[in-house]
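Okay, so here's the structure we're looking at.
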Amino acid sequence: MKNSGIKALCFMVGLSLAGMSTWLHASPTTASLEKTGVSAAKPTSSEHKPEKAAKPSVATDEEEVSINKATAEQLAAALNGVGLKKAQAIVSYREQNGPFTQIEQLQEVPGIGSALIERNQSRLRL
């Protein structure tokens, strides 16, 4: 009885792997799609992170974000190492103390250090 169970399991695994091989051969390759003029559907960052795609004003790696005008969500999305909690702290500090006059003033916000500012220097503007 034990041998027949193992044989059945091996048979099922073999069938499933054989079917996978056929399935892989049946799918069109990128090269064959390019020959026919059809573009392959490639996953974009908007499929993985729809909240970033919904906000066109959010900065990417090459764009800058204004620490005096951006919302907490925009700051969190644009700055490396800044989550929503730190971004909300930046906005709260700005609302209580007025606009920033220097980017280095971000160090006065609890949880924001010089390393974080250096890491995001190219993305920050007043």
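For the sequence shown, numbering that gives the first Met the number 0 gives the first residue as 0, with consecutive numbering after it.
For every residue, glycine included, the Cβ atom is placed at its ideal position computed from N, Cα and C.
In the structure shown, LEU123 falls within a strand segment according to DSSP collapsed to helix, strand and coil. In this structure, DSSP gives VAL81 a state outside helix and strand, which the three-state scheme calls coil. The beta-carbon distance between LEU78 and VAL64, rounded to whole angstroms, is 7 Å. This is short enough to meet the 8 Å contact definition.
Residue pairing for SER65: DSSP places it in a beta bridge opposite ARG124.
Spatial neighbours of SER113 in its own chain (CB-CB distance under 7 Å, excluding positions within 5 residues in sequence) are listed in chain order as GLN106.
With respect to the 7 Å criterion, ALA75 and GLY82 are classified as neighbours on the basis of their beta carbons. Under the DSSP assignment, ILE116 falls in the alpha helix (DSSP H) whose first and last residues are 113–118.
Here the C-alpha atom of PHE10 lies approximately 10 Å from the C-alpha atom of SER3. Taking every protein chain shown into account, the CB of ILE66 has 16 or more other CB atoms within 10 angstroms, so this residue is buried. Straight-line spacing of the CA atoms in GLN73 and LYS84 works out to 12 Å. If the five residues before and after PRO109 are omitted, its C-beta is found closer than 7 Å to the C-beta atoms of ALA88, all from its own chain and listed in chain order.
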